[in-house]
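J.: For reference, the structure I am asking about is given below.
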Amino acid sequence: MGQALSFGLTQYDVEELKEHCDNRFTQAEIEGLYKRFRQLDRGRKGFISHEEFQSIPELSINPLHTRMGQVFNHVNFKEFVHALKACSKRASREDRLRLIFAIFDVDNDGVVSAEDLELMVRQLAGRSLAEEEVTKVVETALKDAGTTKTGLSFEDLAKALDGAELNMDVELPLPY
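Here's what the structure looks like:
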């Protein structure tokens, strides 16, 4: 398959992963991600569980860490790299919008519904908003997005966030 690099990936694997993530990551970044993935995959199962993903210290302060753990549940390394491409400094706007959409589409039905938004607002606001306030935020968000339908498609979300800065760059660990 190719010459193995010092930590388990072959050069062929790295090239395939670079292509799979549309060259959003360099070889060094992929190697760093692989090292981090292997640290998270404590049982060497070949995938990261929800609990393992939740153990990332940088995520524990993020109010969306629970939902992100659900999105990244049981992902193998290829899926991990593909999902994280939105966090690369070379990510396209669409890459970032697709990750945002995946996080907010809680039931994975291809639409960010009012129910999805309610769950996300509760997760973001914690106990600081009353039930009526959560409902008002969701209604306002859907109205401002220009939809009176049951929810937002990916295209609706992209249009609603048009002009918004989507800075999701993450410092990636590089190999030692």
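In UniProt numbering, the protein residues as written are 1 to 176. Every residue gets a Cβ at the ideal spot worked out from N, C-alpha and C, and that includes glycine. All of these numbers come straight from a predicted model, not from anything done at the bench.
What first and last residue would you give for the alpha helix (DSSP H) that runs through ASP41?
T.: On the sequence shown, residue 41 is found 41 positions in, with the first residue counted as 1. Counting along the chain, ASP41 falls outside any alpha helix (DSSP H), and DSSP gives it neither H nor E.
J.: For LYS126, which three-state DSSP category applies?
T.: Numbered from its first residue, the sequence shown carries residue 126 at position 126. Position check: residue 126 holds Gly in this sequence, whereas Lys was assumed. Three-state DSSP puts GLY126 in a helix.
J.: Please return the same chain residues whose Cβ sits closer than 6 angstroms to the Cβ of GLY8, not counting the five positions on each side in sequence.
T.: Taking the first residue of the sequence shown as position 1, residue 8 is located at position 8. Cβ neighbours of GLY8 beyond the five flanking positions: none.
J.: Run through DSSP, which three-state label would GLY163 get?
T.: The count along the sequence shown starts at 1 and reaches residue 163 at position 163. DSSP places GLY163 in coil when its eight states are reduced to three.
J.: Beta-carbon separation of ILE48 and VAL81 under 8 angstroms?
T.: Translated into the one-based positions of the sequence shown, residue 48 becomes position 48. Translated into the one-based positions of the sequence shown, residue 81 becomes position 81. No, they are not a contact pair.
J.: Give me the residue from LEU119, ASP144, MET68 and ASP105 with the minimum Cα distance to VAL134.
T.: Indexing the sequence shown from 1 puts residue 134 at position 134. Among LEU119, ASP144, MET68 and ASP105, the Cα nearest to that of VAL134 belongs to LEU119.
J.: If you reduce the DSSP assignment to three classes, tell me which class VAL112 lands in.
T.: Position 112 of the sequence shown, counted from the first residue, corresponds to residue 112. Three-state DSSP puts VAL112 in a strand.
J.: Out of GLN27, LEU33, LYS35 and GLU52, state which residue places its alpha-carbon closest to the alpha-carbon of ARG42.
T.: Stepping through the sequence shown from its first residue, residue 42 is reached at position 42. The option with the nearest alpha carbon to ARG42 is GLU52.
J.: Using only alpha-carbon positions, find the residue among ALA130, LYS78, ASP116 and GLY32 that is nearest to ASP22.
T.: Within the sequence shown, residue 22 is the residue found at index 22, counting from 1. Measuring from the Cα of ASP22, the nearest candidate turns out to be LYS78.
J.: Is it right to say ASP109 is buried, meaning 16 or more other beta carbons lie within 10 angstroms of its own, or is it exposed?
T.: Position 109 of the sequence shown, counted from the first residue, corresponds to residue 109. Looking at its Cβ environment, which holds fewer than 16 other Cβ atoms inside 10 Å, ASP109 is exposed.
J.: Would you check if the distance between the CB atom of ARG67 and the CB atom of GLN27 is smaller than 8 angstroms?
T.: In the sequence shown, the residue the question calls residue 67 occupies position 67. In the sequence shown, the residue the question calls residue 27 occupies position 27. Not in contact: ARG67 and GLN27 (Cβ atoms no closer than 8 angstroms).
J.: Tell whether a beta-carbon distance below 8 angstroms holds between ALA141 and LEU117.
T.: If you number the sequence shown from 1, residue 141 lands on position 141. If you number the sequence shown from 1, residue 117 lands on position 117. Yes, these two residues count as a Cβ contact at 8 angstroms.
J.: Quick one: what's got a C-beta closer than 8 angstroms to HIS20's C-beta in the same chain, skipping five residues either side?
T.: Numbered from 1 along the sequence shown, position 20 holds the residue referred to as residue 20. Once the five neighbours on either side are set aside, the close Cβ partners of HIS20 are LYS78, VAL81 and HIS82.
J.: With which residues is ILE48 paired in a DSSP beta bridge?
T.: For the purposes of this step, residue 48 is taken as the residue at position 48 of the sequence shown. According to DSSP, which records beta bridges pairwise, ILE48 is partnered with VAL75.
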